[in-house]
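A.B. asks:
This is how it looks when you write it as structure tokens:
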């Protein structure tokens with residue numbers, strides 16, 4: 001791209017905000033009452049993780065693996081890609097993430113569940129925001145409730161909830177499980193920013209928060225908090 | 001025309017949008033300002049219809065019907081040139097669907113683009129674009145934002161020589177790469193140049209518009225309202241008393257009057273999703289145009305707001 005410095009963020013926006021938000025309205029209408037079921041599944045997975053229940057890893061991997069694949073196909077490729085050709089290239093990343101989530105759940109020791117520390121509380125908050133606050137954001141933004149973004153149905157709450165639970169759990173697979181959700185947050189956050197939508201900062205704030213919490217958990221000793229006793 | 005369930009649904013959707021269109025405007029309209037394409041002497045209405053963002057509505061049937069209603073109003077008001085690009089998402093398919101629904105493929109002046117870095121992919125992209133529009137051939141094909149321009153211009157010239165295309169062109173926007181545009185205009189036999197021009201983006205006046213007039217190249221003006229940002233900003237300000245002298249009853253008409261009053265400009269292609277805006281835009285090309293002094297007054301006034 002020549003003279004790239006002359007381009008503004010909104011030069012890359014291919015569609016109007018109205019067209020974008022109507023995608024969610026159509027998605028919800030086509031899948032109703034599935035949004036209720038996906039939200040319930042997300043909350044159930046969160047409870048399994050919080051209580052470190054037997055099968056928590058499998059339950060989390062199953063729920064998150066399925067919703068990533070479902071959102072990648074039903075929303076990104078079937079709907080969003082019709083107005084944003086770049087999304088056709090991003091859709092496969094959701095399938096890769098689905099496989100990674102499933103793989104982490106099935107591989108013993110890939111993820112560990114411990115008592116919540118400060119980072120875990122932040123992750124829990126993020127997951128709850130994705131599951132319970134995202135659907136009512138249209139009311140605050142003056143949009144119809146019918147275009148609510150719901151976990152397991154729309155990408156942004158699905159991705160934010162995933163980052164939230166990955167902040168709660170531990171394990172060596174986090175390094176491969178986090179990049180795709182974080183990159184999506186940047187992509188979607190910049191898209192919303194180009195549309196002058198305030199909730200862009202939720203998406204752009206998630207990677208910044210994750211990075212900051214990562215430093216707290218894995219950074220230099222002087223910023224790390226003591227590991228809670230299991 | 002084959003009647004299918006889809007066509008019936010589309011016609012019904014269009015019918016639902018029709019109350020937005022006053023009947024008198026659908027069936028009777030003042031003739032818009034006409035301009036001449038220098039390469040051929042062909043006359044063309046000075047207001048066209050852009051599709052960037054506004055027609056990229058995907059599979060949304062309601063929004064597709066609204067786009068078709070915009071096209072219906074555009075043709076009813078005497079408009080002809082519709083401009084799109086492979087870069088514009090679903091816009092090409094929406095235009096094609098609208099043309100089929102309205103049965104106006106014969107009325108449209110089809111202005112399209114080739115947009116790919118690969119010289120080899122250009123012809124295949126053009127075939128796909130033609131399929132989406134549902135036309136036998138394009139009136140105008142332009143190299144979008146000069147992407148792979150040398151190879152694509154060769155392709156377009158060959159198509160024109162073979163009678164599979166009427167006009168060739170290049171595009172740029174927002175003042176980018178004017179040096180290269182000037183070089184191409186001097187060295188290659190293009191029929192059209194598309195660029196951005198309005199009362200606050202006047203860089204084209206220095207070299208490109210005079211050169212286009214000198215070399216007999218038609219000029220299409222994109223982003224006349226800076227993608228709506230200019231008219232949104234001006235909406236907060238009162239229209240000056242002297243706007244009537246420029247034949248304008250709105251900021252959009254004042255801006256279009258400024259643009260069309262430059263003698264090198266052939267067609268301006270504002271994009272909109274609203275039927276009333278289409279009528280307003282075409283009406284801008286039906287009245288008096290500002291003279292040189294009034295042009296400067298318009299630019300100074302808008303620039304100061």
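Residue numbers (full-length UniProt numbering), protein chains in the order written: chain A, 1 to 230; chain B, 1 to 305.
Just so you know, even glycine gets a beta-carbon here, dropped at the ideal spot from N, CA and C.
1. With 7 Å set as the bound, which would you pick, yes or no: does the beta-carbon of residue 56 of chain B sit closer than that to a beta-carbon of chain C?
2. Roughly how many angstroms lie between the CA atoms of residue 155 of chain B and residue 126 of chain B, to the nearest whole one?
3. Please confirm if the region 92–105 of chain A is in contact with the region 118–131 of chain A, defined as three or more CB-CB distances below 8 Å between the two stretches.
4. Would you kindly work out how many angstroms separate the C-alpha atoms of residue 92 of chain B and residue 54 of chain A, rounded to a whole number?
5. Determine the closest residue to residue 167 of chain B out of B/284, B/37, B/56, with distance taken between C-alpha atoms.
6. Can a CB atom of chain A be found closer than 7 Å to the CB of residue 16 of chain B?
7. Find out if the Cβ-Cβ distance for the pair residue 182 of chain A, residue 157 of chain A is shorter than 7 Å.
8. Using alpha carbons as the reference points, say which of B/294, B/265, B/224 lies closest to residue 246 of chain B.
9. Looking only at DSSP bridge pairs, what is residue 194 of chain B linked to?
10. DSSP three-state label for residue 231 of chain B, please.
11. Helix or strand or just coil, what does DSSP make of residue 50 of chain B?
12. For residue 60 of chain A, which residues from the same chain have a beta carbon less than 7 Å from its beta carbon, with the 5 sequence-adjacent residues on both sides left out?
13. Would residue 291 of chain B count as contacting chain A if we go by Cβ distances under 7 Å?
14. Using a Cβ-Cβ cut-off of 7 Å, state whether residue 16 of chain A counts as contacting chain B.
15. In whole angstroms, what is the alpha-carbon distance linking residue 244 of chain B and residue 109 of chain B?
16. Residue 238 of chain B lies in the beta strand (DSSP E); which residues open and close that run?
17. Would DSSP call residue 250 of chain B helix, strand or coil?
18. Enumerate in chain order the residues of its own chain whose CB-to-CB distance from residue 188 of chain A is below 6 Å, with the five nearest sequence positions on each side excluded.
19. Report yes or no: do three or more beta-carbon pairs, one from the region 265–279 of chain B and one from the region 217–236 of chain B, lie closer than 8 Å?
20. Nearer than 6 Å: is that true of the beta carbon of residue 116 of chain B relative to any heavy atom of the ligand FMN?
21. Can you list, in chain order, the residues of its chain with a C-beta nearer than 7 Å to that of residue 174 of chain A? Leave out the 5 residues immediately preceding and following it.
22. Can you tell me where the alpha helix (DSSP H) holding residue 126 of chain B begins and where it ends?
23. Look up residue 81 of chain B in the DSSP assignment and say whether it is helix, strand or coil.
24. Since residue 144 of chain B and residue 119 of chain B should fall inside the 8 Å C-beta cutoff, what is the C-beta to C-beta distance between them, to a whole number of angstroms?
25. How many Å lie between residue 130 of chain B and residue 194 of chain A at the Cα?
26. So residue 178 of chain A and residue 210 of chain A are supposed to be a Cβ contact under 8 Å. How far apart are they, rounded?
C.D. replies: Put simply:
1. Any reference to chain C falls outside this structure, whose protein chains are A and B.
2. Roughly 10 Å separates the two Cα atoms.
3. In this structure the region 92–105 of chain A does not lie against the region 118–131 of chain A, because fewer than three pairs of beta carbons, one per stretch, are closer than 8 Å.
4. Near 53 Å, if we compare the C-alpha coordinates of residue 54 of chain A and residue 92 of chain B.
5. Cα-wise, what sits closest to residue 167 of chain B is B/37.
6. Residue placement at residue 16 of chain B cannot be trusted, given a pLDDT of 46 that sits under 50; the coordinates are not used to answer.
7. In this structure, residue 157 of chain A does not lie closer than 7 Å to residue 182 of chain A by Cβ.
8. Of the listed residues, the one whose Cα sits closest to residue 246 of chain B is B/294.
9. By DSSP's assignment, residue 194 of chain B forms a beta bridge with B/171, B/220.
10. Residue 231 of chain B: helix per DSSP, three-state reduction.
11. In this structure, DSSP gives residue 50 of chain B an extended state, which the three-state scheme calls strand.
12. When the five nearest sequence neighbours on each side are left out, the beta carbons in the same chain lying within less than 7 Å of the beta carbon of residue 60 of chain A are those of 45, 48, 49, 105, 165, in order along the chain.
13. So no, residue 291 of chain B is outside the interface.
14. Taking Cβ atoms only, chain B reaches closer than 7 Å to residue 16 of chain A, which makes this a yes.
15. Near 31 Å, if we compare the C-alpha coordinates of residue 109 of chain B and residue 244 of chain B.
16. That residue, residue 238 of chain B, is in no beta strand (DSSP E); it is neither H nor E in DSSP.
17. When DSSP states are grouped into helix, strand and coil, residue 250 of chain B belongs to the coil group.
18. Once the five neighbours on either side are set aside, the close Cβ partners of residue 188 of chain A are 156, 203.
19. The region 265–279 of chain B vs the region 217–236 of chain B: in contact.
20. The ligand FMN is not among the ligands present in this structure, which contains no ligands whatsoever.
21. Result list for residue 174 of chain A: 166, in chain order.
22. Secondary structure note for residue 126 of chain B: its alpha helix (DSSP H) is the uninterrupted segment 122–133.
23. Strand.
24. Their Cβ separation, rounded to whole angstroms, is 14 Å, which puts residue 144 of chain B and residue 119 of chain B out of contact at 8 Å.
25. If you take the alpha carbons of residue 130 of chain B and residue 194 of chain A, they lie about 31 Å apart.
26. Yes, they are in contact, since the Cβ atoms of residue 178 of chain A and residue 210 of chain A sit about 7 Å apart, within 8 Å.
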